[in-house]
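These protein sequence lines are chains E and S, in that order. The opening position of the first sequence corresponds to residue 12 in the working numbering, with each subsequent residue numbered one higher. The opening position of the second sequence corresponds to residue -7 in the working numbering, with each subsequent residue numbered one higher. Right, one structure below, let's go through it.
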Amino acid sequence: MPIKSSGARWMALAALAVGTFVAPVFAKDTVKIAFIGPLTGGNSAIGIGGRNSADLAVRLRNADSKSRYHYELVVLDDECKPDAGVQVATKAGADKSIVAGVTHYCSVVAVATVDTYHKLGLPTVVWGAVLPDITYGHKFPEIHRVNGTMINQNETAANFMFQQGYRTWSVIHDTTDYGKGHNKYFSENVSKLGGRIVGTFGVTADQQDFTAELTQIKSQKPQALYFGGLTPIGVRIRQQMDKLGLEAQFQGTSGILSDDFIRGLGPLAEGSLAFREGAPVEKLPGGKFFGEKYAEQKYTGAPEAYGPFAFASAELLIEVIERTGPDRKKVIAELGKVNNQDSIVGKITFDDHGQNTVAVITKYVVQDGKWVPWEDSEYSNGKRKLRGK
Amino acid sequence: MNIGLLGQYVMNGVMLGMMYALVAVGFSLFFGVLDVIQFSHGDVVTGGAFAGLAVYLAFSRAVESPILLVMLTLVGAAASMALLGVAIARGLVLPLRSAPALNTLLLTLMAGTVLRESIRLFFPNGSQPQRFPPLLGAGAIGLGSFTLRVDNLLLLASGGLLIGGLHLFITRSRLGLAIRAVAQDEETARTSGIPFRSVVLLTFAIGSALAAFAGVMHGLYYNEINFAMGLLLGVIGFSAAVLGGLGNVYGAILGGFLFAGLQTIGAVALPLASAYKDVFAFAVVILLMAWRPTGLIGERASERV
């Protein structure tokens, strides 16, 4: 068909020009992004799930002909150890061809490496570690995080319990940084809402007998008992509550969210509450899409709990690099402006510490010997009731 | 503080004290006859609890009657730990009779680690807390803020009976006399025809069986056992034995209850965080030891066991 109008001719020309400018696939520059996580050792299942997920983000982008660059994932192993972590962080930071990093699942490693990234000027997005200090312990513009922290976890926990009608709590926490952190953030959020902490007990992480503390708590008559610590003493406390006839609702943190908690307690575990950053894949806004694409690639190993966050971190970095070009400084500046950005884990908005403020937290309750997301449980529709309700 | 609450604290403390006393008695018995510290004793407590759990799991399908099941659990735990105690005495303690006491101490300490780690590694899912079945039922009498549990009463009564029985055994029976003789003076006892080796082995069997009972009692009381529970129990049992006067069985019992009392006071009556209750209890023990270096019921009459 002959081209009739000059307008149409110009448009065709413009399209041709843009086409050549965007360039065919083989002419794209390659941009390197680092992925760092525990690929060996006890946490390797989660690390490999994270790596696969970040890899998936890169592959999906590379398959898209509209992308400006060709991306390459440089995979490094931090072994979940601070010393190994600092080594690979230095390696990634010193390699100028690496523009940004999707970094760390283990909190101890993530918090040990922030200085390194700051010194070497490498923009990073943490994909799994939950310790607040990783983003809040400094003012480095390089460090960001898409997943929530124990601050978000406890905010959700306090809000949720408040909605359920609980107003008074006694707190038992272990005296490690983990337990103390949980106590601090939960208590802060409770008092912000107008609730009351009637007693706080710090206990050692290997304590066996809690009858003295629990007897005191019994006399304080709280509606709920908040426990900030890990499974072993969580089991003991719940068990001994029953022995002393303490009727308060038992509420834990991500630290007790394990099958061993249920195994250790048997039927007594029923109705216990806990909260965790992230969500089962199928509950995430883009979970279905992610799950399908992940399955297509036939990776060995599941994405695990934090895979979607690794995917979202990598995708976010790619998105930013598409906008700014492969320049670390520009990427850092652009990351600072991330606001209400869509991702498979929901909206991402970084505060002035680079922390995602709208992180996903899931509420769990034990029902018939399983941790069930609250919304799917018979407790949420009123068939079963929490204690004192 | 109301009277019910006070009663609850006393009950908690007495339960703890009974467990500590049973462990401490073992330490004192061993020291009495051989002048050695058997540092794996705490882990023998753990071993007893896990042996009891294993026996329960093996028989829970076949045996219906809960009383019989409790008996089987107890006997199984006590018998297996008595054997273990004899093995420790024969294999580790007696051969080192002429070596410095430090060697025995070190050897038993290591044996304890081996025992503890074996439980962790070889018991199914052993690194996690295990549920111990509430074999004595969950009956409870609520009296205001005081909850009196039937199983606690049963445990206390049987612990008391056991200690009373031990007292009678040591003071009234011929074997008890032999144990006392060996403790008093080994050479004289030997020359009077007392079989020294057998008496030592018997003493280790008795002490370890008591530890097994303490372990099962722990399981029935808390309904939870774990591979590391003997670690602190061992330290506390040892401190209690020393506090009462090492080598003296009644001192060990007194020390056990005293330590539990101190812990309860530390957790309840002090304006400190309850995490400091062990700090408080051990600090008081240090002060008491400075005041009476040979223990509260020391060897004033140089009478042992």
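Even for Gly, the Cβ is constructed at its ideal location relative to N, Cα and C.
Helix or strand or just coil, what does DSSP make of residue i?
| i | result |
| --- | --- |
| V201/E | helix |
| E216/S | strand |
| T335/E | helix |
| I59/E | helix |
| H155/E | strand |
| V36/E | For V36/E, the predicted model reports a pLDDT of 48, less than 50, meaning its position is unreliable; a value from the coordinates is still stated below. Reduced to three states, the DSSP call for V36/E is helix. |
| G112/E | strand |
| Y305/E | helix |
| K15/E | Unreliable positioning characterises K15/E in this predicted model, as indicated by a pLDDT of 48, which lies under 50. A coordinate reading is not provided. |
| P384/E | strand |
| I133/S | strand |
| V136/E | strand |
| I228/S | helix |
| L140/S | strand |
| E83/E | strand |
| Q120/S | coil |
Who are the neighbours of residue i on chain S, taking C-beta pairs under 8 Å?
| i | result |
| --- | --- |
| T226/E | L(-3), Q0, Y1, N4 and V260 |
| D271/E | N117, Q120 and P121 |
How would you write the range of the alpha helix (DSSP H) that residue i sits in, first residue to last?
| i | result |
| --- | --- |
| Q30/S | No alpha helix (DSSP H) holds Q30/S; DSSP gives it neither H nor E. |
| D126/E | S118 to L131 |
| V182/E | V182/E -> not in any alpha helix (DSSP H); beta strand (DSSP E) instead, spanning T179 to D185. |
| Q176/S | R166 to Q176 |
| R249/E | T242 to K254 |
| V55/S | Taken as a continuous stretch (DSSP letters only), V55/S belongs to no alpha helix (DSSP H), as it is neither H nor E. |
| A285/E | Taken as a continuous stretch (DSSP letters only), A285/E belongs to no alpha helix (DSSP H), being part of the beta strand (DSSP E) at L284 to E288. |
| F274/S | K269 to W283 |
| A103/S | A93 to F114 |
Could you tell me which of the options sits nearest to residue i, measuring between CA atoms?
| i | options | result |
| --- | --- | --- |
| K77/E | P314/E, T186/E and R334/E | R334/E |
| V157/E | A323/E, G96/E and R207/E | A323/E |
| Q174/E | K374/E, K381/E, K394/E and Q378/E | K374/E |
| M7/S | T96/S, F124/S and G152/S | G152/S |
| A140/E | S391/E, D89/E and E166/E | D89/E |
| L346/E | G357/E, V356/E and Q366/E | Q366/E |
| N117/S | G253/S, N218/S and L148/S | N218/S |
| F115/S | L128/S, A220/S and G248/S | A220/S |
| P233/E | E258/E, V214/E, G213/E and V136/E | E258/E |
| L279/S | A50/S, N240/S, L235/S and S20/S | L235/S |
| F221/E | G258/S, F249/S and V25/S | G258/S |
| R89/S | L288/S, Q122/S, V25/S and I245/S | V25/S |
| G240/E | I183/E, V120/E and Y82/E | I183/E |
| E224/E | G134/S, P263/S, E109/S and T105/S | P263/S |
| K102/E | L131/E, A123/E and Y80/E | L131/E |
| N240/S | A175/S, Q122/S and A91/S | A175/S |
| Q378/E | A321/E, G399/E, E281/E and G357/E | E281/E |
| A65/E | Y310/E, D40/E and A105/E | Y310/E |
| D271/E | Y82/E, E288/E and I244/E | I244/E |
In chain E, which residues lie less than 8 Å from residue i when you measure between Cβ atoms?
| i | result |
| --- | --- |
| A46/S | Per Cβ cutoff of 8 Å: no residues; A46/S is ~16 Å from chain E at best. |
| Y214/S | Q219, D220, R247, Q250, Q251 and K254 |
| G134/S | G256 |
| R141/S | K254 |
| T256/S | A223 |
Cβ closer than 7 Å: which chain S residues qualify as neighbours of residue i?
| i | result |
| --- | --- |
| D220/E | L8 |
| S230/E | L(-3) and S137 |
| G277/E | R123 |
Output the boundary residues of the beta strand (DSSP E) element that contains residue i.
| i | result |
| --- | --- |
| V85/S | Counting along the chain, V85/S falls outside any beta strand (DSSP E), and DSSP gives it neither H nor E. |
| Q174/E | Note, Q174/E: premise wrong, no beta strand (DSSP E); alpha helix (DSSP H) at M161 to Q174. |
| G253/S | First-last for G253/S: V241 to V260, but that is the alpha helix (DSSP H), not the beta strand (DSSP E). |
| G275/E | G275/E -> not in any beta strand (DSSP E); alpha helix (DSSP H) instead, spanning D270 to L276. |
Which residues in chain S sit within 9 Å of residue i, going by Cβ to Cβ distance?
| i | result |
| --- | --- |
| R274/E | N117, Q120, P121, Q122 and R123 |
Positions along the stretch 244 to 264 of chain E whose CB lies within less than 7 Å of some CB in chain S
V246, R247, Q250, Q251, K254, L255 and G256
| field | Where the stretch 106 to 126 of chain S meets chain E: residues whose CB sits under 8 Å from a CB there | value | N117, Q120, P121, Q122 and R123
Legend entry - Contact residues within the stretch 216 to 229 of chain S, judged by C-beta distance below 9 Å to chain E: E216, N218, A220, M221, L223, L224 and L225
| said: If the cut-off is 8 Å on Cβ atoms, which residues from the stretch 265 to 290 of chain S count as contacting chain E, listed in chain order? | reply: A265, S266, A267, K269 and D270
- Item | Contact list for the stretch 184 to 217 of chain E against chain S, Cβ threshold 9 Å | D185, T186, T211, F212, G213, V214, T215 and D217
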